[in-house]
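Going by the UniProt record's numbering, the sequence shown opens with residue 1, and the numbers climb by one from there.
Where is the CB? At the ideal position from N, CA and C, for every residue including glycine.
Computed from a predicted structure; not experimentally measured.
The structure appears right after this line, and notes come after that.
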Amino acid sequence: MARENNFLLGNGEHLTNTVNVPRRGGKKIPPYSFPTAQKHFSQWLGDANEKFNKMSSSACPNDEVTALVTMHPRYISKSDFPIELLDTVGLRAVGGRSKRIKPMQWGIEKHPEEAVTDQIFVMGKRSDFTTWYREINNWTEAVTGAKHLSHIEDLSAHIGVDKVQALPENRDEYCLEVVFHETSASTLDMFEYYAKECDAYPIFDRKRESKGLIFLPVYASKENVHKLADFSYIRVVRSMPTLRPLQPEVLRKVQSFPIKMNIEPSVDQALRVAIFDGGIPSSINLSPWVNLIEPPGIGAAVPEYQEHGLAVTSAFLFGPLEPNKGAERPLCHVDHIRVLDDKTGSNGDFECYDVLDRILHVLDNNSEPYHFLNFSVGPDIPIEDDEVTGWTASLDERLCGGSSLTTVAAGNSGNLCSVSGLNRIQPPSDAVNVMAIGACDSVSSLFWKRVDYSSVGPGRSPGLVKPDGLVFGGSQHSPFYVLESTDPYTIKGTMGTSFAAPYGLRSAAAVRVQLGNRFSPLAIRALLTHRAESEDHSLTEVGWGRLETDYNKLITCDDDEALIVFQGELPVGSHLRAPVPLPSGDLEGMIGITATLVIAPEVDPSYPNTYTRGGLEVTFRPDSTKRKISKEGKVPLHANSKSFFNVKNLFGSGAYEYELRDEGHKWEPCLKVTQQFKSASLNAPCFDIYYHHRGEGMKLKEPAPIQYALVVSIKANKVVDLYDRVLRTYSNILIPLRPQNRIQIRS
Numbered sequence: 001m002a003r004e005n006n007f008l009l010g011n012g013e014h015l016t017n018t019v020n021v022p023r024r025g026g027k028k029i030p031p032y033s034f035p036t037a038q039k040h041f042s043q044w045l046g047d048a049n050e051k052f053n054k055m056s057s058s059a060c061p062n063d064e065v066t067a068l069v070t071m072h073p074r075y076i077s078k079s080d081f082p083i084e085l086l087d088t089v090g091l092r093a094v095g096g097r098s099k100r101i102k103p104m105q106w107g108i109e110k111h112p113e114e115a116v117t118d119q120i121f122v123m124g125k126r127s128d129f130t131t132w133y134r135e136i137n138n139w140t141e142a143v144t145g146a147k148h149l150s151h152i153e154d155l156s157a158h159i160g161v162d163k164v165q166a167l168p169e170n171r172d173e174y175c176l177e178v179v180f181h182e183t184s185a186s187t188l189d190m191f192e193y194y195a196k197e198c199d200a201y202p203i204f205d206r207k208r209e210s211k212g213l214i215f216l217p218v219y220a221s222k223e224n225v226h227k228l229a230d231f232s233y234i235r236v237v238r239s240m241p242t243l244r245p246l247q248p249e250v251l252r253k254v255q256s257f258p259i260k261m262n263i264e265p266s267v268d269q270a271l272r273v274a275i276f277d278g279g280i281p282s283s284i285n286l287s288p289w290v291n292l293i294e295p296p297g298i299g300a301a302v303p304e305y306q307e308h309g310l311a312v313t314s315a316f317l318f319g320p321l322e323p324n325k326g327a328e329r330p331l332c333h334v335d336h337i338r339v340l341d342d343k344t345g346s347n348g349d350f351e352c353y354d355v356l357d358r359i360l361h362v363l364d365n366n367s368e369p370y371h372f373l374n375f376s377v378g379p380d381i382p383i384e385d386d387e388v389t390g391w392t393a394s395l396d397e398r399l400c401g402g403s404s405l406t407t408v409a410a411g412n413s414g415n416l417c418s419v420s421g422l423n424r425i426q427p428p429s430d431a432v433n434v435m436a437i438g439a440c441d442s443v444s445s446l447f448w449k450r451v452d453y454s455s456v457g458p459g460r461s462p463g464l465v466k467p468d469g470l471v472f473g474g475s476q477h478s479p480f481y482v483l484e485s486t487d488p489y490t491i492k493g494t495m496g497t498s499f500a501a502p503y504g505l506r507s508a509a510a511v512r513v514q515l516g517n518r519f520s521p522l523a524i525r526a527l528l529t530h531r532a533e534s535e536d537h538s539l540t541e542v543g544w545g546r547l548e549t550d551y552n553k554l555i556t557c558d559d560d561e562a563l564i565v566f567q568g569e570l571p572v573g574s575h576l577r578a579p580v581p582l583p584s585g586d587l588e589g590m591i592g593i594t595a596t597l598v599i600a601p602e603v604d605p606s607y608p609n610t611y612t613r614g615g616l617e618v619t620f621r622p623d624s625t626k627r628k629i630s631k632e633g634k635v636p637l638h639a640n641s642k643s644f645f646n647v648k649n650l651f652g653s654g655a656y657e658y659e660l661r662d663e664g665h666k667w668e669p670c671l672k673v674t675q676q677f678k679s680a681s682l683n684a685p686c687f688d689i690y691y692h693h694r695g696e697g698m699k700l701k702e703p704a705p706i707q708y709a710l711v712v713s714i715k716a717n718k719v720v721d722l723y724d725r726v727l728r729t730y731s732n733i734l735i736p737l738r739p740q741n742r743i744q745i746r747s
């Protein structure tokens with residue numbers, strides 16, 4: 001059977017069933033004895049109270065202050081969250097972040113030199129901290145929550161000097177973005193009064209909220225920034241971000257070429273796609289495929305932004321065009337939503353807020369969700385491990401559930417300083433519910449590498465593998481050709497992740513156009529990730545690898561390969577067993593199994609360290625007949641397991657530099673691993689998938705089920721009819737996903 005007829009196999013979820021697998025756990029030996037921990041706390045609380053008492057009353061609304069509780073790296077699971085301790089002393093948790101530390105003691109023999117742990121922001125009245133300090137030496141282990149004392153590595157006051165991120169040295173006045181923890185209207189009134197004491201000017205009509213955080217622009221002088229940051233409800237103070245440059249650099253040689261355009265309808269006119277960018281010039285007619293939308297109140301269009309918007313839209317509609325050749329037929333209709341105007345950049349202080357407001361207005365007021373979205377605009381800053389921007393938080397909140405597939409340009413900062421992290425991906429490409437797309441230098445699947453301007457990873461943990469993948473984005477030697485605003489149609493060369501992102505989205509749309517709504521956006525994301533090829537490139541540079549842009553290869557298999565798609569809902573409190581559907585009969589040689597598992601979880605922006613509310617723990621059982629009998633002679637209910645989705649397999653042999661939290665990979669929303677097995681070692685293999693859930697770092701009382709997409713492929717080089725055999729074995733369950741439309745590729 002030729003490859004073009006070996007279609008992906010759907011209905012994998014019909015092979016699954018729910019099983020109960022005993023959860024293993026044991027009692028930990030704390031790193032510190034109770035008397036030692038008690039002594040630590042006496043010292044820490046004394047130091048913290050000394051600093052709290054020096055703070056002015058106006059900086060402490062309702063006499064409340066903030067402390068940082070640093071957990072020991074061995075005690076950062078949701079079950080270790082010290083809620084009982086906080087309740088006992090009258091404090092509450094308001095946020096969290098990660099920090100790499102070297103503990104005083106580990107309490108175990110084998111341990112790393114240092115590790116990343118959780119820091120919890122806790123708030124309470126100064127009198128509560130004072131009372132705790134006075135009583136701590138009289139505590140016994142019987143006090144509710146006292147057990148947590150030996151799980152904590154430090155407690156310290158969180159004051160102004162600790163909150164200010166690096167600011168430009170060459171300025172006397174700043175426009176700041178001040179981020180607050182949970183804050184009421186009355187607290188903000190008190191901040192307005194306190195800001196006057198600091199000769200600072202907050203812009204309250206620009207205040208923005210995102211699930212536990214408030215973002216507020218404030219003008220302040222250099223000499224008063226630290227005093228301003230002393231306000232106890234402030235989490236962080238940083239420079240107000242501006243928008244990214246639209247291109248990494250100008251091509252050294254710019255030349256236009258004619259192109260033939262066939263004005264014909266798109267392949268699928270029902271698909272809903274949105275591109276948020278700079279608009280479309282009126283001098284070019286794209287009305288057969290593009291609907292230009294202008295949000296209420298937006299200012300006049302700017303030619304430079306319109307050219308960028310046209311290029312981004314061209315990349316989605318046609319992919320990289322070729323001089324003197326015809327354009328491919330557009331796959332679908334596009335809504336181009338203009339979010340840049342003549343005020344964008346004229347007062348750069350608020351341009352990021354204005355653009356995000358326009359985006360959110362469309363997303364929040366849209367009666368029917370878009371299937372696909374693209375963002376090639378965003379703040380011109382690298383991501384931070386311990387803070388989330390308003391852009392990232394706002395998009396992740398709206399994109400959880402996986403009903404839309406979103407691509408975001410990773411950024412064009414890849415050739416900036418790596419030591420300081422300036423070359424890392426830029427928001428909102430760090431969002432866990434989007435695909436961050438970087439740029440490679442070739443359309444060829446054989447010879448390619450990351451273009452030096454393309455921003456690199458890693459992402460934040462969770463969300464470690466960023467960019468998600470690379471697509472051709474153009475270079476000085478091989479430009480990405482897009483339409484320019486001329487009549488008749490001509491094309492010009494450009495480059496940037498701005499164009500790689502919509503080109504990657506075109507591959508996603510191609511799957512939906514061909515296979516219809518049988519493939520959810522979440523499943524399409526899993527398929528794109530699954531088909532990505534990393535070769536020998538670094539994970540930080542290419543993520544999961546170069547995304548497939550051959551639309552036929554995306555939906556078909558080789559003769560010696562079978563790819564099965566599972567879609568559905570993960571149960572709460574039990575495991576979902578997903579069999580690896582091997583064919584009946586004997587197999588020869590080595591068998592490669594690749595599995596990609598994706599969810600789109602809710603998020604907690606105030607807890608970047610525990611950002612995702614959903615996580616995945618997967619157990620692989622290669623042989624259903626093999627069970628390890630216990631010393632007591634008991635036969636276990638389930639077959640032996642073998643490591644599959646572990647840190648080394650996910651992130652490579654140097655993975656421990658990426659493992660930002662102990663077992664943090666369990667909270668990653670996207671997992672992909674390939675392993676080789678001897679054919680004789682496989683007998684009805686399966687994956688047992690457990691859905692973890694948490695909220696603000698703690699256990700959730702009433703977790704809801706979550707949608708998932710799992711793609712499993714089986715590759716056997718010595719079994720030339722593997723696809724046919726799998727199809728015959730599961731003919732009553734698995735169905736070939738035959739395309740409703742076939743896309744003709746330009747030759």
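Discussion item. Comparing C-alpha positions only, which one of 20, 54 and 367 sits nearest to residue 126?
Written reply: As a first step, residue 126 must be located in the sequence shown, where it is residue number 126. Ranking 20, 54 and 367 by Cα distance to residue 126 puts 54 first.
Discussion item. Can you look up residue 546 in the DSSP assignment and give me helix, strand or coil?
Written reply: Taking the first residue of the sequence shown as position 1, residue 546 is located at position 546. Reduced to three states, the DSSP call for residue 546 is strand.
Fill in: Pair within 8 Å by beta-carbon distance, residue 240 and residue 292
Here residue 240 refers to the residue found at position 240 when the sequence shown is read from its first residue. Here residue 292 refers to the residue found at position 292 when the sequence shown is read from its first residue. Not a contact, by the Cβ cut-off of 8 Å.
Worksheet item: Which two residues bound the contiguous beta strand (DSSP E) that contains residue 188?
Response: In the sequence shown, counting from the first residue as 1, residue 188 sits at position 188. Careful: residue 188 lies outside any beta strand (DSSP E), inside the alpha helix (DSSP H) at 185-197.
Worksheet item: Can you find at least 3 beta carbon pairs, one from the stretch 111-123 and one from the stretch 58-78, that sit closer than 8 Å?
Response: yes
Worksheet item: Expressed to the nearest angstrom, what Euclidean distance is found between the alpha-carbon atoms of residue 448 and residue 523?
Response: Translated into positions along the sequence shown, residue 448 becomes position 448. Translated into positions along the sequence shown, residue 523 becomes position 523. Between residue 448 and residue 523, the C-alpha separation is close to 26 Å.
Worksheet item: Taking the continuous alpha helix (DSSP H) assigned at residue 518, which residues delimit it?
Response: Translated into the one-based positions of the sequence shown, residue 518 becomes position 518. That residue, residue 518, is in no alpha helix (DSSP H); it is neither H nor E in DSSP.
Discussion item. Going by DSSP, what residue range makes up the alpha helix (DSSP H) through residue 154?
Written reply: Here residue 154 refers to the residue found at position 154 when the sequence shown is read from its first residue. First-last for residue 154: 152-157, but that is the beta strand (DSSP E), not the alpha helix (DSSP H).
Fill in: residue 289 beta carbon less than 8 Å from that of residue 333
Walking along the sequence shown from the start, residue 333 turns up at place 333. Walking along the sequence shown from the start, residue 289 turns up at place 289. It is a contact, given that the beta carbons lie within the stated cut-off.
Discussion item. For residue 298 and residue 705, I'd like the C-alpha separation in whole angstroms.
Written reply: Residue numbering aside, residue 298 sits at position 298 when the sequence shown is read from its first letter. Residue numbering aside, residue 705 sits at position 705 when the sequence shown is read from its first letter. Cα-Cα distance, rounded: 40 Å.
Discussion item. I believe residue 397 touches residue 210 by the beta-carbon criterion, under 8 Å. Please report the beta-carbon distance rounded to the nearest angstrom.
Written reply: Position 397 of the sequence shown, counted from the start, is the residue given in the question as residue 397. Position 210 of the sequence shown, counted from the start, is the residue given in the question as residue 210. Rounded, the Cβ-Cβ distance is 7 Å, consistent with contact.
Worksheet item: For the alpha helix (DSSP H) that contains residue 100, what are its first and last residues?
Response: Locating residue 100 in the sequence shown gives position 100, counting from the first residue. Per DSSP, residue 100 belongs to no alpha helix (DSSP H); it is in the beta strand (DSSP E), 92-101.
Discussion item. Looking at residue 321: is its Cβ nearer than 8 Å to the Cβ of residue 259?
Written reply: Counting from 1 along the sequence shown, the entry for residue 321 is found at position 321. Counting from 1 along the sequence shown, the entry for residue 259 is found at position 259. Against a cut-off of 8 Å, the Cβ pair of residue 259 and residue 321 comes out as a contact.
Worksheet item: Does the Cβ of residue 163 have 16 or more other Cβ atoms within 10 Å, making it buried, or fewer, making it exposed?
Response: In the sequence shown, residue 163 corresponds to position 163, counting from 1. Its Cβ being crowded by 16 or more others within 10 Å, residue 163 is buried.
Worksheet item: For residue 749, which of 273, 335, 235 and 28 has the nearest alpha-carbon?
Response: The chain is shown from 1 up to 747; residue 749 falls before or after that span and cannot be answered.
Item to complete: Go ahead and pull the three-state DSSP assignment for residue 624.
Response: Your numbering for residue 624 matches position 624 in the sequence shown. Three-state result, residue 624: coil.
Practice prompt. Counting only the same chain and skipping the five closest in sequence on each side, list residues whose C-beta sits under 7 Å from that of residue 681.
Written response: If you number the sequence shown from 1, residue 681 lands on position 681. So the list reads 622 and 623, once near-sequence residues are dropped.
Worksheet item: Does the beta-carbon distance from residue 408 to residue 431 come in below 8 Å?
Response: For the purposes of this step, residue 408 is taken as the residue at position 408 of the sequence shown. For the purposes of this step, residue 431 is taken as the residue at position 431 of the sequence shown. A contact, by the Cβ cut-off of 8 Å.
Worksheet item: If you follow the beta strand (DSSP E) that residue 709 is part of, which residue opens it and which one closes it?
Response: Here residue 709 refers to the residue found at position 709 when the sequence shown is read from its first residue. Residue 709 -> beta strand (DSSP E) spans 706-715.
Worksheet item: Per DSSP, which one or two residues make a beta bridge with residue 470?
Response: Start at 1 with the first residue of the sequence shown, and residue 470 comes out as number 470. The partner list for residue 470 (beta bridge, DSSP) reads 438 and 546.
Fill in: First through last residue of the alpha helix (DSSP H) which encompasses residue 752
Because residue 752 is not part of the residues shown, which for the chain are 1 to 747, the question remains open.
Practice prompt. Give a yes or no on contact between the stretch 76-94 and the stretch 41-53, applying the rule of three or more CB pairs nearer than 8 Å.
Written response: no
Worksheet item: What number of angstroms, rounded off, separates the C-alpha of residue 405 from the C-alpha of residue 160?
Response: For the purposes of this step, residue 405 is identified with residue 405 of the sequence shown, where counting begins at 1. For the purposes of this step, residue 160 is identified with residue 160 of the sequence shown, where counting begins at 1. The straight-line gap from Cα to Cα measures roughly 40 Å.
Worksheet entry | Pair within 8 Å by beta-carbon distance, residue 91 and residue 65 | Locating residue 91 in the sequence shown gives position 91, where the first residue counts as 1. Locating residue 65 in the sequence shown gives position 65, where the first residue counts as 1. No, these two residues do not count as a Cβ contact at 8 Å.
Practice prompt. Tell me whether residue 255 is buried or exposed, calling it buried when 16 or more other Cβ atoms sit within 10 Å of its Cβ.
Written response: As a working mapping, residue 255 is identified with position 255 in the sequence shown. It counts as exposed.
Discussion item. Would the stretch 629-645 count as touching the stretch 608-621 if we require 3 or more Cβ pairs under 8 Å?
Written reply: yes
Discussion item. Just verifying my parser: in three-state terms, what is the DSSP assignment at residue 402?
Written reply: Locating residue 402 in the sequence shown gives position 402, counting from the first residue. Looking at residue 402 - three-state DSSP - the assignment turns out to be coil, as it is neither helix nor strand.
Worksheet item: For the stretch 187-202 against the stretch 151-160, are there 3 or more C-beta pairs whose distance is under 8 Å?
Response: no
Worksheet entry | residue 201, buried or exposed, once every other Cβ within 10 Å from all chains shown has been counted against 16 | For this step, residue 201 is matched to residue 201 along the sequence shown. So residue 201 ends up on the exposed side.
Worksheet entry | Inter-stretch contact (C-beta, 8 Å, three-pair minimum) for the stretch 438-456 and the stretch 465-482 | yes
Worksheet item: For residue 60, which beta-bridge partners are listed by DSSP?
Response: The sequence position of residue 60 within the sequence shown is 60, counting from 1. Paired residues: none, contrary to the question.
Practice prompt. Return helix, strand or coil for residue 752, following the three-state DSSP convention.
Written response: Residue coverage of the chain in this structure runs from 1 to 747, which leaves residue 752 outside it and unanswerable.
Discussion item. What does the alpha-carbon distance come out to for the pair residue 357 and residue 243?
Written reply: For the purposes of this step, residue 357 is taken as residue 357 along the sequence shown, with counting starting at 1. For the purposes of this step, residue 243 is taken as residue 243 along the sequence shown, with counting starting at 1. Approximately 14 Å, taken between the alpha carbons.
Discussion item. What does the alpha-carbon distance come out to for the pair residue 533 and residue 499?
Written reply: On the sequence shown, residue 533 is found 533 positions in, with the first residue counted as 1. On the sequence shown, residue 499 is found 499 positions in, with the first residue counted as 1. Cα-Cα distance, rounded: 20 Å.
Practice prompt. Look up residue 352 in the DSSP assignment and say whether it is helix, strand or coil.
Written response: Here residue 352 refers to the residue found at position 352 of the sequence shown. Correct three-state label for residue 352: helix.
Item to complete: Work out the CA separation of residue 545 and residue 539 for me, nearest whole Å.
Response: Within the sequence shown, the letter at position 539 stands for residue 539. Within the sequence shown, the letter at position 545 stands for residue 545. Those two C-alpha atoms are separated by around 8 Å.
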